[in-house]
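This report refers to the structure that appears directly beneath it.
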Amino acid sequence: MQHDADLDCEGLICPLPVLRARKRLLALAPGLILRVRATDAMAAVDLPHFCAGAGHDYLGATALGPATAHFIRRGT
Numbered sequence: 001m002q003h004d005a006d007l008d009c010e011g012l013i014c015p016l017p018v019l020r021a022r023k024r025l026l027a028l029a030p031g032l033i034l035r036v037r038a039t040d041a042m043a044a045v046d047l048p049h050f051c052a053g054a055g056h057d058y059l060g061a062t063a064l065g066p067a068t069a070h071f072i073r074r075g076t
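Once you know that position 76 of the sequence shown is 76 in the UniProt record's numbering, the rest is easy, because the numbers rise by one and skip nothing.
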């Protein structure tokens, strides 16, 4: 999936992927897409939950080697 920014959270455990994604999303313009690469299995639960509460769109995830790539569109 096309994305505008990339965040490497490989090797980090909960809650760090969500906290770093939140900080990175604040630096992006609304509508841009952030790819978060994470190896923590809980990111698949935590990132969609964070997005729902923060007004961002969780666009899904794909396997990326040992990591999973999560795609988030920044809300307004």
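For each residue, glycine too, the CB sits at the ideal point set by N, CA and C.
Notebook entry, point to check: Can Leu16 be considered in contact with the ligand ZN, in the sense that its beta carbon sits closer than 7 Å to one or more heavy atoms?
Noted result: The ligand ZN is not part of this structure, which contains no ligands at all.
Could you check where the beta strand (DSSP E) with Asp57 kicks off and where it finishes? Start at 1 with the first residue of the sequence shown, and residue 57 comes out as number 57. Run containing Asp57: 57–64, per the beta strand (DSSP E) assignment.
_Assuming contact is defined by CB atoms lying nearer than 8 Å, are residue 99 and Gly75 in contact in what I supplied?_
Nothing about residue 99 can be read from this structure; the chain reaches only from 1 to 76.
- Query: Between which two residues does the alpha helix (DSSP H) containing Leu25 stretch?
  - Reply: As a first step, residue 25 must be located in the sequence shown, where it is residue number 25. Where Leu25 is concerned, the enclosing alpha helix (DSSP H) stretches over 16–26.
- 8 Å Cβ shell around Ala43 - same chain, five flanking residues per side excluded: If you number the sequence shown from 1, residue 43 lands on position 43. Same-chain partners within the cutoff: Cys9, Cys14, Pro17, Val18, Val36, Thr68, His70.
For Asp8: DSSP bridge partner residues: Your numbering for residue 8 matches position 8 in the sequence shown. Looking at the DSSP assignment, Asp8 forms a beta bridge with Arg37.
Item to complete: Over the uninterrupted beta strand (DSSP E) stretch that includes Ala43, give me the two end residues.
Response: The sequence position of residue 43 within the sequence shown is 43, counting from 1. Ala43 -> not in any beta strand (DSSP E); alpha helix (DSSP H) instead, spanning 43–54.
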